[in-house]
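Trainee: Here the sequence shown stands for residues 0 to 65, numbered as in numbering that gives the first Met the number 0. All C-beta atoms in this analysis are idealised placements derived from N, C-alpha and C, irrespective of residue type, glycine included.
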Amino acid sequence: MPLVELSRYYDRFAADVARSRLEAEGIGAVLFDTEVWAGMGMLMPVRLMVLDEDADAARTLLETSA
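1) Going straight from the alpha carbon of A23 to that of D15, what length do you get?
2) Would you call the CB atoms of D32 and R46 closer than 7 Å?
3) Identify every run of the beta strand (DSSP E) within the region 2 to 40, keeping only runs that are complete inside it and at least 3 residues long; order them along the chain.
4) Got a sec, what are the start and stop residues for the alpha helix (DSSP H) G61 sits in?
5) Could you tell me how far apart the beta carbons of G27 and V49 are, in whole angstroms, since I believe they sit closer than 8 Å?
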């Protein structure tokens, strides 16, 4: 069950909101590179990751709830 990158955020708080939306609908999600983002002052995006089999549903959810 590999993880895939769903989206990138230069705003850590927007990334947290997106992750929370997914988890509220039962889709597990994790944020990568949050420590790098904090240390580099937004030069590197935070990546929102989901399981490969959840990617389509997660994209649809985020697109319709934006």
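Mentor: Per the coordinate set shown:
1) Here the question's residue 23 lines up with position 24 in the sequence shown. Here the question's residue 15 lines up with position 16 in the sequence shown. Taking the straight line from one Cα to the other gives about 12 Å.
2) The residue you call residue 32 lines up with position 33 of the sequence shown. The residue you call residue 46 lines up with position 47 of the sequence shown. Yes, the pair counts as a contact, with Cβ atoms nearer than the cut-off.
3) 2 to 8, 28 to 31
4) Here residue 61 is taken as the residue at index 62 of the sequence shown, counted from 1. It is Leu, not Gly, that sits at residue 61 in the sequence shown. Note, L61: alpha helix (DSSP H), 54 to 63.
5) The residue given as residue 27 occupies position 28 in the sequence shown. The residue given as residue 49 occupies position 50 in the sequence shown. At roughly 7 Å, the Cβ-Cβ gap stays under 8 Å, so G27 and V49 are in contact.
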